[in-house]
Each structure stands twice: as structure tokens, then as C-alpha cells.
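First comes the structure, then the notes that go with it.
Chains as they are written, first to last, in the numbering used here: chain A, 1 to 138; chain B, 139 to 276.
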């Protein structure tokens, strides 16, 4: 299993422990002429539900040497997925899942905080070792 | 010279033909703890001025096999660079430079149009062969 797959599985296990049911893995989004291959690069979008709550989760490992490069792509994906979700399933909330190490370091920078706030990025902070949800940040 | 460098030089020549003076190549942006290596992947941010106008240009080639992947990264970079520019030089306008082929194809999709509109992405459409600015879209 690749490192990215391990993080992916870790988030799924964390959600299951948190009483969520994983409903799509991966979710394929489509909007007219653009079909987004969500599993490109093995970082896939999944969906889950718990009671009346429905979420989609963009899982990121932030394991590359450059957190800022990972963040550029994660932010662009989040905003594009959000546009497509709003067309397909407007009631489903989109979260960007990030490991606690990235949350405690890169995501404390003023750039990351400004970008998260200005673009209303919802975060799901997870512990990839314990396979647990650490924090939801809306 | 790599394919990306050729597109980069092409945009510079297009700006020079259009009476702009290129002032930084590459521009290095810095905001407290985050120093963005703008030349990562050889797609660099440049700055130019013409009379009282000052711009920064994020040059994209869109030559990878996946336009949507290129677009995720381009959009995230644009928004993060904009946050950093607004701190450093709020009067400088940021443009995303895209080749005419990408403009006439991927950028006509409803996803791209929604993303460009919602995120107020300014576009500079260029012809990489003729080395000319085709269109500014604010």
C-alpha cells in the first residue's frame, strides 16, 4: 500500500470510529463536459453520512517535501469540488482532511489561516497513527 | 530549454511587445514564516509595469495531460499569491496567464467559468507561437 493509501485508509477508519458510514470511495463528480477523475494521484474524494449529516471529504496527506505546493493544489481542488458538489448535491458539506502534523505546523502560518478563512475551507484534522478524528473546524 | 520555459519566455515577449517592462523574473513572495518558492516547477511569477499600471503574472502552460489537475493547482496558487500580494503590494493586479488553446477549450467549460467568476480570477490569454497577448479578461 502506498503512503497516500495509508493516509486514505486512516481517514476512513477515523470516520467509522466516529459513527460515520462511508458511502462512496471514490466519489466521481461530473458536470457537463468536465468529468473529474477524483482518484488522480491516489488522493480521492469520499462521501460519508451519519444520521441526517452528509459530508464529502478531500483527503490530503501533506507528505510531499513542500507544504505550500501541496496546499496550492489542495485549495484549488477544494474550491472546484465545492462548485461541482453545489450543483450535484448542495446539502452535502465538503471538508478538507489534513493530518495533525500539518495542522500544527503549516496551517498555523498566517498565509494558510488567511486562505482557509477567505475561502471558507472546512477542515477535518485527523491523527493518521491513531486513526482518529482530532477536530472539525467549520 | 524546457517546454515550460518556452511558454514563460513567450509571455515575457508578449508583454514586451505590448509596451510592458518586466521588472521581476521571478518574483519571490514572502510573508512571515512562509517564503514561497515561486519558481517551483519552473512556472514562475513575474511582475511588469507600464506607465502607472503594475501587474504580477502567474504563467501557466496547461501542457500536462490533465487540464483539470493543472487548473486545481493554478487556482490554488492564484488565490494564495493574491493573499501574499495584497499584504506586500496591494496596488499590483494579479493575472493568470493561459495559452489560447486552453482558453478556447478547458476554460469554456462551466466548471472553469464558475471557478473563474466566483474567485475573481483575472486572465491574460496569450498566443505562445506568435508571442502576443490575445486578450485581458478582468
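Note that beta-carbon positions come from the ideal geometry of N, C-alpha and C, so glycine has one too.
Please read these numbers as outputs of a predicted model, since none were measured by experiment.
Exercise for the section: Take the Cβ of residue 215 of chain B as the centre, count every other Cβ of all protein chains shown within 10 Å, and call the residue buried at 16 or more, exposed below. Expected result: On the second chain, residue 215 of chain B is found 77 positions in, with the first residue counted as 1. Buried, since its Cβ has 16 or more Cβ neighbours within 10 Å.
Problem - Sequence-distant residues of the same chain with beta carbon closer than 6 Å to residue 241 of chain B, five excluded per side - result: In the second chain, the residue the question calls residue 241 of chain B occupies position 103. Hits under 6 Å: 263.
Exercise for the section: Note down, in chain order, each residue of its chain lying with its Cβ closer than 7 Å to the Cβ of residue 141 of chain B, except the 5 sequence neighbours on either side. Expected result: Within the second chain, the letter at position 3 stands for residue 141 of chain B. Around residue 141 of chain B: 199 and 201.
Handout entry: residue 176 of chain B classed as buried or exposed, judged by whether at least 16 other C-beta atoms fall within 10 angstroms
Key = Taking the second chain and counting its residues from 1, one reaches residue 176 of chain B at position 38. Only weak support exists for where residue 176 of chain B lies, its pLDDT of 48 falling under 50; the value from the coordinates is given anyway. Buried: at least 16 other Cβ atoms inside 10 Å.
Exercise for the section: Would you check if the distance between the CB atom of residue 117 of chain A and the CB atom of residue 217 of chain B is smaller than 9 Å? Expected result: As a working note, residue 117 of chain A is residue 117 in the first chain. As a working note, residue 217 of chain B is residue 79 in the second chain. Their beta carbons are not under 9 Å apart, which means residue 117 of chain A does not touch residue 217 of chain B by this criterion.
Handout entry: Cβ-based burial, residue 179 of chain B [other Cβ within 10 Å; buried from 16]
Key = What you label residue 179 of chain B is simply residue 41 of the second chain in a count that begins at 1. Interpretation of residue 179 of chain B is limited by its pLDDT of 46, a score under 50 that renders its predicted location unreliable; the figure taken from the coordinates is listed afterwards. So residue 179 of chain B ends up on the exposed side.
Exercise for the section: Assign residue 139 of chain B to buried or exposed, taking buried as 16 or more other Cβ atoms, counted over all protein chains shown, within 10 Å of its Cβ. Expected result: Locating residue 139 of chain B in the second chain gives position 1, counting from the first residue. With fewer than 16 other Cβ atoms inside 10 Å of its own Cβ, residue 139 of chain B counts as exposed.
Exercise for the section: Kindly say whether residue 76 of chain A, judged by its beta-carbon, lies nearer than 9 Å to any beta-carbon of chain B. Expected result: Sequence index remark: in the first chain, residue 76 of chain A carries index 76 (1-based). Using beta-carbon distances, residue 76 of chain A counts as an interface residue toward chain B, with a partner under 9 Å.
Exercise for the section: Could you spell out the range, first to last residue, of the beta strand (DSSP E) harbouring residue 231 of chain B? Expected result: Looking up residue 231 of chain B in the second chain gives position 93. Unbroken beta strand (DSSP E) run through residue 231 of chain B: 231-237.
Handout entry: Spatial neighbours of residue 269 of chain B in its chain, beta-carbon cut-off 6 Å, leaving aside the 5 residues before and after
Key = Mapped onto the second chain, residue 269 of chain B falls at position 131. Shown here for residue 269 of chain B: same chain residues with a beta carbon closer than 6 Å to its own, the five before and five after excluded, namely 148, 151 and 152 in chain order.
Exercise for the section: Tell me residue 185 of chain B's beta-bridge partners as DSSP assigns them. Expected result: Counted from its first residue, the second chain places residue 185 of chain B at position 47. Its beta-bridge partners are B:162 and B:194.
Practice task
Just the C-alpha distance for residue 145 of chain A and residue 87 of chain A, rounded to the nearest angstrom, thanks.
Solution key: It is not possible to answer for residue 145 of chain A, since the shown part of chain A is limited to 1 through 138.
Problem - Contacts around residue 205 of chain B, its chain only, beta-carbon distance under 6 Å, and the 5 residues preceding and following it disregarded - result: On the second chain, position 67 is the one that residue 205 of chain B refers to. If the five residues before and after residue 205 of chain B are omitted, its C-beta is found closer than 6 Å to the C-beta atoms of 244, all from its own chain and listed in chain order.
Practice task
Answer yes or no: do residue 182 of chain B and residue 164 of chain B have a C-beta to C-beta separation smaller than 9 Å?
Solution key: The residue given as residue 182 of chain B occupies position 44 in the second chain. The residue given as residue 164 of chain B occupies position 26 in the second chain. Yes; because the gap between Cβ atoms is below 9 Å, this pair is in contact.
Practice task
Give every residue of the same chain whose Cβ lies closer than 6 Å to the Cβ of residue 111 of chain A, excluding the five residues on either side of it in the sequence, and list them in chain order.
Solution key: Here residue 111 of chain A refers to the residue found at position 111 of the first chain. Cβ neighbours of residue 111 of chain A beyond the five flanking positions: none.
Practice task
Indicate whether residue 212 of chain B and residue 234 of chain B have their beta-carbon atoms separated by less than 9 Å.
Solution key: Mapped onto the second chain, residue 212 of chain B falls at position 74. Mapped onto the second chain, residue 234 of chain B falls at position 96. Cβ atoms of residue 212 of chain B and residue 234 of chain B: closer than 9 Å.
Problem - Backbone secondary structure at residue 259 of chain B - three-state DSSP - result: As a position in the second chain, residue 259 of chain B is number 121, starting the count at 1. In the three-state scheme derived from DSSP, where H, G and I count as helix and E and B as strand, residue 259 of chain B is classed as coil.
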